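> Take this structure, written in structure tokens, and hold onto it; I'll ask about it next.
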Amino acid sequence: MIESQITIKLTSDQALVLSDWLEKLQMTDLSRVIDDPAVWSPIHRIAGTLDKALPELFAADCAQRLEAARQRLRSC
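In structure tokens form, the structure reads like this:
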């Protein structure tokens with residue numbers, strides 16, 4: 364069976380904030396949160412895609428950009 368693909372569209376602010384959250388999630392003890400190992404596959408796929416799409420993750424002022432994105436999203 365060939366699986367279809369799903370496209371998710373995010374703003375750059377949403378992508379940056381989600382990428383940061385996914386990184387933190389992956390660095391915690393996820394056995395408390397994720398009870399099915401199959402969930403790792405999409406988590407890694409999304410995180411990897413965001414890493415490739417967001418050059419600002421590697422900018423010297425990434426923390427400031429991330430905080431600005433969070434503020435903009437909170438005000439929506």
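Going by the numbering used here, the first residue of the sequence shown is number 364, and it counts up by one from there. The beta-carbon is built from N, C-alpha and C at its ideal position, and this holds for glycine as well. From a predicted model like this one, the values you see are computed outputs, not experimental measurements.
Write down the C-beta distance between A432 and V380 rounded to the nearest angstrom, noting that I regard them as a contact closer than 8 Å.
Here residue 432 refers to the residue found at position 69 of the sequence shown. Here residue 380 refers to the residue found at position 17 of the sequence shown. Yes, they are in contact, since the Cβ atoms of A432 and V380 sit about 5 Å apart, within 8 Å.
> Is the Cβ-Cβ distance between E419 and R408 less than 8 Å?
Against the sequence shown, residue 419 aligns to sequence position 56. Against the sequence shown, residue 408 aligns to sequence position 45. It is not a contact, given that the beta carbons lie outside the stated cut-off.
> Within a Cβ cutoff of 6 Å, which residues of the same chain sit near A410, ignoring the five residues on either side of it in sequence?
Here residue 410 refers to the residue found at position 47 of the sequence shown. If we look at A410 and ignore the five residues flanking it on each side, its Cβ neighbours are L385.
> When the Cα atoms are used, what is the spatial distance from S438 to D399?
As a position in the sequence shown, residue 438 is number 75, starting the count at 1. As a position in the sequence shown, residue 399 is number 36, starting the count at 1. About 34 Å.
> Please list, in chain order, all residues of the same chain as A378 whose beta carbon is under 7 Å from its beta carbon, the five residues on each side excluded.
For the purposes of this step, residue 378 is taken as residue 15 along the sequence shown, with counting starting at 1. Correct list, in chain order: L413, A416 and L417.
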